[in-house]
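Using our numbering, the first residue of the sequence shown is number 1464, and each one after it goes up by one. Quick reminder that beta carbons are idealized off the backbone N, C-alpha and C, glycines included. Taking it in order: structure first as structure tokens, then the write-up.
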Amino acid sequence: MRKQWFQSLLMRRAVIILILLVEIASFIFLIAAGTLYSDIASIVFRIISVIVALYVVSKNEKGGYRLIWVFLILMFPVFGGVLYVFLNFQMSSNYYSRNLDEVVNATKKYLASNGAVKYKMGQEFPAFLKNAEYLEKTEHFPLYRNTKTRYLSPGEAAWPVLLEQLRGAREYIFMEYFTIGEGEFWKSILEILKDKAASGVKVRIMYDDMGCFLSLPADYPEYLSSLGIECQIFNPFRPFFTTIQNNRDHRKITSIDGKVAFCGGMNLSDEYVNLKERFGYWKDSMVMVEGDAAWSLTCFFLQIWQALDTKMEDFELYYPWKNAPCPIIGEGYVQPYNDIPIDSEHVGENVYMNMITAAEKSIYISTPYLILDENVITALCLAAKSGIDVRIVTPSKYDKWMIHQATRCYYRELVEAGVHVYEYTPGFMHSKTVVVDDKAAIVGSVNWDYRSLYLHFESAVFMCGTSTVNDVREDLLASFEDSDEILPEELNYHRGWSLFRLILRLVAPIF
């Protein structure tokens, strides 16, 4: 069975990639042929490029993206402008965005805020109130109190906790992940899901097609359906040259009865629990949320599910506290949030900026990738120059060589400003966490790079005044101890290497 799946997987993927390559080659050939045999065509394409370049410069978009597009248009004036128009003005992409936007806006009513909770937080943690205000006013993400949180790291520590909670499901299990891969980890989960579905529990799985491009066969939804499990594929990868393929579902969410939820950086594959070694030791994390705040993560799942499905659902059917209030008495404040790239609100980046500017003593960060917009770089450097202890840990062993080199392009500016940059020596740092002043923390799927901050669907949990904040802090401190700090003298590169990294930093937003 496994061999047949693998052969089917390779055949489908190979055909898709071949068609995509032919499409790209045909586009370039037609433009080149048109300009070769017609001076008028060449002039028209160049005029289009000039108009597009002016449009890009004036567009309300991140400077890195504007710069790379202007650079490409200048380098390839004949077809650069046409390529931009072709990629950015497609009806299918616009329809997809409008449909999702309508669903999200229509379902925000299920996320009711509580002014008393926000007022209480303002008294206890005034420096972080602005972040809670931003998430609530701009995106309607409520702030909760009746919630317990538990930090789970590394992946092998999270595994048994996740299984235990799945076994306790009574009404439904919703799981949304970027990557699912066959192996012992996923097998242990699937066995529980099969049993639960057979006993009448509603089980839904949603995964990103690109994330599972090489790990699951095309007919996997049918296989899950045969087990009584509903399945949706997010943004199926098609052999069409379109920017919508950039918008991947990078979120990692599990909701169990709307009472318990998980969120973090872990996908459902063996490397995440160190059963399979890929890049040395895999360091990852997630947070378990129990109580009122689990409802937000449930709604996040349902919003995307409904956007992919044709049937409209009443979210109230899944609300766990209809008959009695939540009995959980938690500590501190918890606020799950997500980031959807169909609007101009870069929630992930703005939350990180709020955390940086709220800091008075320390900012500790873990991320697998560090490819930053100038605003974020400036904020981190200014914090370090102002006497704040800023530390960032990235991997020493990488999954993508080019992205790792792009990450290193930012080291010099940060280190020279006083930021302590570390590389995790045991292996691959995939955890995405932030702790500020030992008072507030974030655990989620949001990397510190362009794709996570501007292109992908992401989710995270903001916590303030909980014991989990200290757990995340201790984990980060241990990671710093297991890492090598980047020293200024290590950043004196050979001229040729420096030129390569200069170019790499210019094109980094496309990685």
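Excluding the 5 residues preceding and the 5 following residue i in the sequence, name in chain order all residues of the same chain whose CB lies nearer than 8 Å to its CB.
i	result
residue 1891	1741, 1742, 1743, 1744, 1745, 1746, 1831, 1858, 1860, 1861, 1862
residue 1664	1632, 1633, 1634, 1635, 1636
residue 1769	1566, 1570, 1775, 1776
residue 1851	1822, 1823, 1824, 1825, 1826
residue 1762	1570, 1573, 1574, 1778
residue 1598	1604, 1606, 1798, 1800, 1810, 1814, 1925
What do you get for residue i, buried or exposed, if any count of 16 or more other CB atoms within 10 angstroms of its CB means buried?
i	result
residue 1819	buried
residue 1517	exposed
residue 1721	buried
residue 1895	buried
residue 1582	exposed
residue 1792	exposed
residue 1965	exposed
residue 1734	buried
residue 1962	exposed
residue 1537	exposed
residue 1522	exposed
residue 1662	exposed
Distance check for residue j and residue i, CA to CA, integer angstroms please.
i	j	result
residue 1817	residue 1657	42 Å
residue 1765	residue 1563	12 Å
residue 1668	residue 1693	6 Å
residue 1795	residue 1927	6 Å
residue 1673	residue 1711	7 Å
residue 1835	residue 1897	16 Å
residue 1921	residue 1506	43 Å
residue 1797	residue 1595	9 Å
residue 1844	residue 1872	15 Å
residue 1904	residue 1587	15 Å
residue 1975	residue 1786	There is simply no residue 1975 to check, as the chain begins at 1464 and stops at 1974 in what is shown.
residue 1900	residue 1591	11 Å
residue 1464	residue 1683	A caution first: residue 1464 carries a pLDDT of 45, below 50, which makes its placement in the model unreliable, though a value can still be read off. Distance between the alpha carbons of residue 1464 and residue 1683: 12 Å.
residue 1659	residue 1849	54 Å
Please return the same chain residues whose Cβ sits closer than 6 Å to the Cβ of residue i, not counting the five positions on each side in sequence.
i	result
residue 1719	1628, 1632, 1636
residue 1472	Its pLDDT being 49, under 50, residue 1472 is placed unreliably in this model, and the coordinates cannot settle the point.
residue 1515	1544, 1547
residue 1919	1711, 1713
residue 1749	1615, 1621, 1725, 1727, 1729
Can you give me the Cβ contacts of residue i inside the same chain, cut-off strictly under 7 Å, excluding the 5 residues immediately before and after it?
i	result
residue 1534	1969
residue 1955	none
residue 1893	1728, 1745, 1746, 1747, 1831
residue 1875	1954
residue 1675	1642, 1643
residue 1934	1614
residue 1630	1655
Which residue or residues does DSSP assign as beta-bridge partners of residue i?
i	result
residue 1799	1924
residue 1439	Any question about residue 1439 goes unanswered here, given that the chain covers just 1464 to 1974.
residue 1898	1827, 1904
residue 1723	1719, 1753
residue 1945	Beta-bridge pairing links residue 1945 to no other residue.
residue 1610	1754
residue 1891	1745
Check whether the Cβ of residue i lies closer than 8 Å to any Cβ atom in chain D.
i	result
residue 1602	In the displayed structure, chain D is absent; only one protein chain is listed.
Do the stretch 1802-1812 and the stretch 1933-1948 touch if we need at least three Cβ pairs shorter than 8 Å?
-> no
Can at least three beta-carbon pairs, one atom from the stretch 1611-1619 and one from the stretch 1824-1842, be found at a separation below 8 Å?
-> no
At a cut of 8 Å, does the stretch 1587-1605 reach the stretch 1688-1700 through at least three beta carbon pairs?
-> no
For the stretch 1883-1890 against the stretch 1910-1921, are there 3 or more C-beta pairs whose distance is under 8 Å?
-> no
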